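S.K.: First residue of the sequence shown? That's 1075 in the numbering used here, and the numbers climb one at a time after it.
I'd like to ask you about the structure that follows.
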Amino acid sequence: MASLKNRLKQLLCIVLALAFIIESWLWVHVREWLRALNRILGLNLFDLWLKKWAKTHSPYAALCLFLIPAGLILPVKIIALALIAKGRFAIGLFSILLAKILALGVTSYLFDLLRNKLLEISWFKYCYMLILRIRLWSKRLLAPLSSQIRSIILVIKSNIKGYSTILLNKFGYWLKIGRVKINSLLR
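As structure tokens, then:
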């Protein structure tokens, strides 16, 4: 019984660490995608305005701004759950995932701009440090697993490259034969 309990605890730790790592990866990458979109749309002035705004307002005002994406995602989640309840599982799940990723990206983007002001709040700084420790723990826990996954991905990529080369060669061969047959018919 104790062995089963320990295994379940290990499995739970791995699942939590994996979820945390995925969330961390999304945090970084979606923020960068939003930054790139910001540059493409020429909204760099928004960054400057937000940084100036943060300097002139209290840390708790910055916290309110930081929490807006979490508040905006709630109605989307409710609508998505209603869609799932009505049997539209795929659309509902897609809506939840898309809203979650966008809210995470916007929150990450805002945190990047408001970090110094937010870290002036003692309990927020404590939570931030705790999250950094959890992220480090997750990376350490999943390090052996991630190296195995990377090696499997490399093997799959090399196989895909090999198969795609073979398919392209065969396609080129059949295309060539087709041209010859068409050309002979046209003469």
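Backbone N, C-alpha and C fix where the C-beta goes; we use that ideal spot for every residue, glycine too.
Quantities reported herein were computed from a predicted structural model and do not represent experimental measurements.
DSSP on residue 1160, reduced to helix/strand/coil?
M.R.: It is coil, neither helix nor strand.
S.K.: Taking the straight line between their C-alpha atoms, what separation do you get for residue 1133 and residue 1096?
M.R.: Approximately 29 angstroms, taken between the alpha carbons.
S.K.: Below 8 angstroms on the Cβ atoms is my contact criterion, and I expect residue 1192 with residue 1137 to pass it. Report the Cβ-Cβ distance as a whole number of Å.
M.R.: Right, the Cβ-Cβ distance comes to about 6 angstroms (below 8 angstroms), so this counts as a contact.
S.K.: Quick check: what's the CA-CA separation for residue 1254 versus residue 1227?
M.R.: Any answer about residue 1254 is weak, because its pLDDT of 49 lies below 50 and its placement is not dependable; what the coordinates show is given next. If you take the alpha carbons of residue 1254 and residue 1227, they lie about 40 angstroms apart.
S.K.: By DSSP, does residue 1193 sit in helix, in strand, or in coil?
M.R.: Of the three classes helix, strand and coil, the one that applies to residue 1193 here is coil, per DSSP.
S.K.: Can you check whether the CB of residue 1091 is closer than 8 angstroms to the CB of residue 1212?
M.R.: Against a cut-off of 8 angstroms, the Cβ pair of residue 1091 and residue 1212 comes out as a contact.
S.K.: Below 8 angstroms, can you find three or more Cβ-Cβ pairs linking the region 1111–1125 to the region 1195–1202?
M.R.: Contact between the region 1111–1125 and the region 1195–1202 is absent, because fewer than three Cβ pairs lie under 8 angstroms.
S.K.: Please specify which runs of the alpha helix (DSSP H), each continuous and at least 4 residues long, are wholly inside the region 1121–1172, giving them in chain order.
M.R.: If we require 4 residues or more, the alpha helix (DSSP H) runs fully inside the region 1121–1172 come out as 1133–1159.
S.K.: Measure the CB-CB distance between residue 1178 and residue 1108 and report whether it falls below 8 angstroms.
M.R.: No, Cβ-Cβ distance for residue 1178 and residue 1108 is not below 8 angstroms.
S.K.: Is the beta carbon of residue 1094 less than 8 angstroms from the beta carbon of residue 1223?
M.R.: The answer is no: Cβ separation not under 8 angstroms.
S.K.: According to DSSP, is residue 1264 part of a helix, a strand, or is it coil?
M.R.: Within the shown structure, residues of the chain are numbered from 1075 to 1261, placing residue 1264 beyond reach of any answer.
S.K.: Here's the rule: buried if 16 or more other CB atoms are within 10 angstroms of the residue's CB, otherwise exposed. What is residue 1089?
M.R.: Exposed, since its Cβ has fewer than 16 Cβ neighbours within 10 Å.
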